[in-house]
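For reference, the structure discussed in these notes is given below.
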Amino acid sequence: MTAPGAFARGTDDGAASLAPVGVICGSGRLPLEVVAAARARGRKVVPVAIEGEADPAIDALSPTWLGFGQIGKLADLLTREGCRDLVMIGGIAKRPDMRKIIGDFGTMRRLPRIVATLVGGDDSLLKKVIRLFEEEGFRVIGAHEIAPDLLAGAGPLAGPEPAAEIAAELALAVRAVVDLGRLDIGQAAVVVGSRVIAVEAAEGTDAMLRRCAEVRAAGRVRRKGGVLVKCAKPQQDLRVDLPAIGPDTVRLAREAGLSGIGIEAGHVLVAEREATLAAARENGMFIYGVAPLAHRSGGQADE
1 MTAPGAFARG
11 TDDGAASLAP
21 VGVICGSGRL
31 PLEVVAAARA
41 RGRKVVPVAI
51 EGEADPAIDA
61 LSPTWLGFGQ
71 IGKLADLLTR
81 EGCRDLVMIG
91 GIAKRPDMRK
101 IIGDFGTMRR
111 LPRIVATLVG
121 GDDSLLKKVI
131 RLFEEEGFRV
141 IGAHEIAPDL
151 LAGAGPLAGP
161 EPAAEIAAEL
171 ALAVRAVVDL
181 GRLDIGQAAV
191 VVGSRVIAVE
201 AAEGTDAMLR
211 RCAEVRAAGR
221 VRRKGGVLVK
231 CAKPQQDLRV
241 DLPAIGPDTV
251 RLAREAGLSG
261 IGIEAGHVLV
271 AEREATLAAA
281 RENGMFIYGV
291 APLAHRSGGQ
301 ADE
C-alpha cells in the first residue's frame, strides 16, 4: 500500500496534466458527460462510481464501484492506475457507510482525518475533502478543466436577449445569490418582478423550484414570469461543487411559471446541453449566460 503523499513526490503540474485522471462519480448525468468528454479529448480517465449515488448508466464507462468513505481502496486504485489528477463530480446525498470501511485497513488508518472532514458547511466540508486527497499526493482539479465544453458561455444560449425588465430581475437575483453564497447557504435564487420569492438552501435547486410552483398555486405570487439564477458562490473553490443545470431544471422552472434562467458564464455546467437548450426553446423560455461575478477571489477559495 502506498504511503500518503508518496505518489506525488518528484512530479510537477505539467506531468500531472498528461497523466491519467481519476473521476469520482456521484449522482446525476454530469459524471457520465465529464468522463465521456475527457476521453473524447484524449485523456485517459479512471472513473470511480460511488455505490448508492452514481447513476447505474455509468456502467457503460467501465467504472470501479466503491462505497463512499473507502478512501484507502480509492487511493490504492488511483495510485495503481497512475492517476495524479482527481476530479469530483456529481451529488453525494449520504454520509460514509461505516460498514463499508470495516476491513479496509487503508481507510481505518485514515479514519481520524476522515471523521474530521464531516463537520462544517458545504464549503468547509469540500475544503477538507480536497485537503484529504492532497495529503494523499493527488492534485484535485475541476471538472471544467478536463471537460471545458460543458461550461456555460456568455449571452443568449436559448431564446432572445432578455428585455430590460427581465434584465433587472436577473440583476436582482444575482445580488441575492451573491449574498446567499457569502453565507455558504446556496447557489440559486428566484426573482419575480422586484421580489426575491425563493432562495436555495440545503434542499437544492429542484426542491426550491417545486416550492416556487406551490407558492404560485396557492396564489401567494400573482405576477407572471420571473427568473431563476444560478451562480457559483463568491468564495467558492471552483474545483468542486460547480453549480449545474439540465433538462429537469428547465422543466421545473416552467412548472414554477418562470420566463427563463440566468447562469453565470464560465462558472455553471450545462448537463445534456442540447436537450436542455431545446427544452427551453420548446417552452418559450430563455437561458442566458450572465457575466461572471466581478468580486470573485479567483479559481480557488481562500483557505
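Using the numbering used here, the letters of the sequence shown correspond one by one to residues 1 to 303.
Even for Gly, the Cβ is constructed at its ideal location relative to N, Cα and C.
- Query: Of the residues P162, R211, A232, which one's Cα is nearest the Cα of V177?
  - Reply: Reading the sequence shown from its first residue, position 177 is the one you call residue 177. If we check each option's Cα against that of V177, A232 comes out closest.
- Message: For G155, count the other beta carbons within 10 Å of its own beta carbon; 16 or more makes it buried, fewer makes it exposed. Which is it?
- Response: By one-based count along the sequence shown, residue 155 stands at place 155. By the 10 Å Cβ count, G155 comes out exposed.
- Alpha carbon to alpha carbon, how far is E134 from V140? Looking up residue 134 in the sequence shown gives position 134. Looking up residue 140 in the sequence shown gives position 140. Going by the C-alpha atoms only, they are around 7 Å apart.
- Query: Near I92, what residues of its chain come up, given a Cβ to Cβ distance below 8 Å and the 5 sequence neighbours on each side ignored?
  - Reply: For the purposes of this step, residue 92 is identified with residue 92 of the sequence shown, where counting begins at 1. The answer, listed in chain order, is G26, S27, I50, E53, F68.
- How would you label D59, buried or exposed, when you count the other beta carbons within 10 angstroms and need 16 or more for buried? Mapped onto the sequence shown, residue 59 falls at position 59. Exposed, by the Cβ-count rule.
- With burial defined as no fewer than 16 other Cβ atoms inside 10 Å of the residue's Cβ, what is the status of A271: buried or exposed? As a position in the sequence shown, residue 271 is number 271, starting the count at 1. With 16 or more other Cβ atoms within 10 Å, it is buried.
- Buried or exposed: T107, going by 16 or more other Cβ atoms within 10 Å of its Cβ? Residue 107 sits at position 107 when you count from the first residue of the sequence shown. Unreliable placement is indicated for T107, whose pLDDT of 49 sits below 50; no coordinate value is reported for it.
- Which residues DSSP lists as bridging D85, in chain order: Here the question's residue 85 lines up with position 85 in the sequence shown. V21, R139.
- Message: Out of G266, L74, L132, which one is the CA nearest neighbour of E145?
- Response: Numbered from its first residue, the sequence shown carries residue 145 at position 145. Considering only alpha carbons, the answer is G266.
- Output the distance between the C-alpha atoms of V227 and L170, rounded to the nearest integer angstrom. By 1-based counting over the sequence shown, the position of residue 227 is 227. By 1-based counting over the sequence shown, the position of residue 170 is 170. Those two C-alpha atoms are separated by around 7 Å.
- Message: I'd like to know whether the C-beta atoms of L293 and V174 end up nearer to each other than 9 Å.
- Response: Reading the sequence shown from its first residue, position 293 is the one you call residue 293. Reading the sequence shown from its first residue, position 174 is the one you call residue 174. Cβ atoms of L293 and V174: closer than 9 Å.
- Query: R254: buried (16+ other C-beta within 10 angstroms of its C-beta) or exposed?
  - Reply: Stepping through the sequence shown from its first residue, residue 254 is reached at position 254. Classification for R254: buried.
- Query: Among I287, G262, I130, which residue has its Cα nearest to the Cα of D237?
  - Reply: Taking the first residue of the sequence shown as position 1, residue 237 is located at position 237. Cα-wise, what sits closest to D237 is I130.
- Query: Can the beta-carbon of A75 be found less than 9 Å from the beta-carbon of E165?
  - Reply: Within the sequence shown, numbered from 1, the residue matching residue 75 stands at position 75. Within the sequence shown, numbered from 1, the residue matching residue 165 stands at position 165. Contact flag unset, no.
- Query: Just how far apart, CA to CA, sit L157 and V229?
  - Reply: Within the sequence shown, numbered from 1, the residue matching residue 157 stands at position 157. Within the sequence shown, numbered from 1, the residue matching residue 229 stands at position 229. Using only the alpha carbons, I get a separation of about 14 Å.
- Query: How would you write the range of the alpha helix (DSSP H) that E255 sits in, first residue to last?
  - Reply: Here residue 255 is taken as the residue at index 255 of the sequence shown, counted from 1. Here the alpha helix (DSSP H) through E255 covers 247-255.
- Message: With a threshold of 7 Å on Cβ separation, who are the neighbours of R29 within its own chain once the five nearest residues in sequence on each side are excluded?
- Response: As a position in the sequence shown, residue 29 is number 29, starting the count at 1. The answer, listed in chain order, is D55, G246, A271, E272.
- Message: Between which two residues does the alpha helix (DSSP H) holding G72 run?
- Response: Taking the sequence shown and counting its residues from 1, one reaches residue 72 at position 72. It spans 71-80 - the alpha helix (DSSP H) in which G72 sits, taken as one unbroken run.
- Query: Is the CB-CB distance between L269 and P243 below 9 Å?
  - Reply: Position 269 of the sequence shown, counting from 1, holds the residue named residue 269. Position 243 of the sequence shown, counting from 1, holds the residue named residue 243. Yes, the pair counts as a contact, with Cβ atoms nearer than the cut-off.
- Item | Unbroken alpha helix (DSSP H) run spanning E200, endpoints | To locate residue 200, count along the sequence shown from 1; it is residue 200. Counting along the chain, E200 falls outside any alpha helix (DSSP H), and DSSP gives it neither H nor E.
- Message: If you measure between the beta carbons of A147 and V34, is that distance less than 9 Å?
- Response: Taking the sequence shown and counting its residues from 1, one reaches residue 147 at position 147. Taking the sequence shown and counting its residues from 1, one reaches residue 34 at position 34. Contact: yes.
- If you run the structure through DSSP and keep just helix, strand and coil, what is R273? As a first step, residue 273 must be located in the sequence shown, where it is residue number 273. Of the three classes helix, strand and coil, the one that applies to R273 here is helix, per DSSP.
- Task: Leaving out five residues on either side along the sequence, give the residues of the same chain with a beta carbon under 7 Å from the beta carbon of R211.
- Result: Here residue 211 refers to the residue found at position 211 of the sequence shown. Excluding residues within five positions, the ones whose Cβ falls inside 7 Å are A198.
- Can you tell me the Cα-Cα spacing of G121 and T205, whole angstroms? Numbered from its first residue, the sequence shown carries residue 121 at position 121. Numbered from its first residue, the sequence shown carries residue 205 at position 205. Bear in mind that a pLDDT of 49 at G121, under 50, signals an unreliable position, so the number given afterwards is only what the model happens to contain. One C-alpha to the other measures close to 17 Å.
- Under 7 Å Cβ to Cβ from F105, same chain only, skipping five residues before and after it: list those, please. The residue labelled residue 105 in the question sits at position 105 within the sequence shown. For F105, the pLDDT reaches just 49, beneath the cut-off of 50, and the residue's location in the model is therefore unreliable, although a value from the coordinates is still provided. Counting only Cβ-Cβ distances below 7 Å, and skipping sequence neighbours, we find G72.
- Message: Let's test the definition: count the other Cβ atoms within 10 Å of the Cβ of K224 and tell me whether it reaches 16, buried, or not, exposed.
- Response: Translated into the one-based positions of the sequence shown, residue 224 becomes position 224. Looking at its Cβ environment, which holds fewer than 16 other Cβ atoms inside 10 Å, K224 is exposed.
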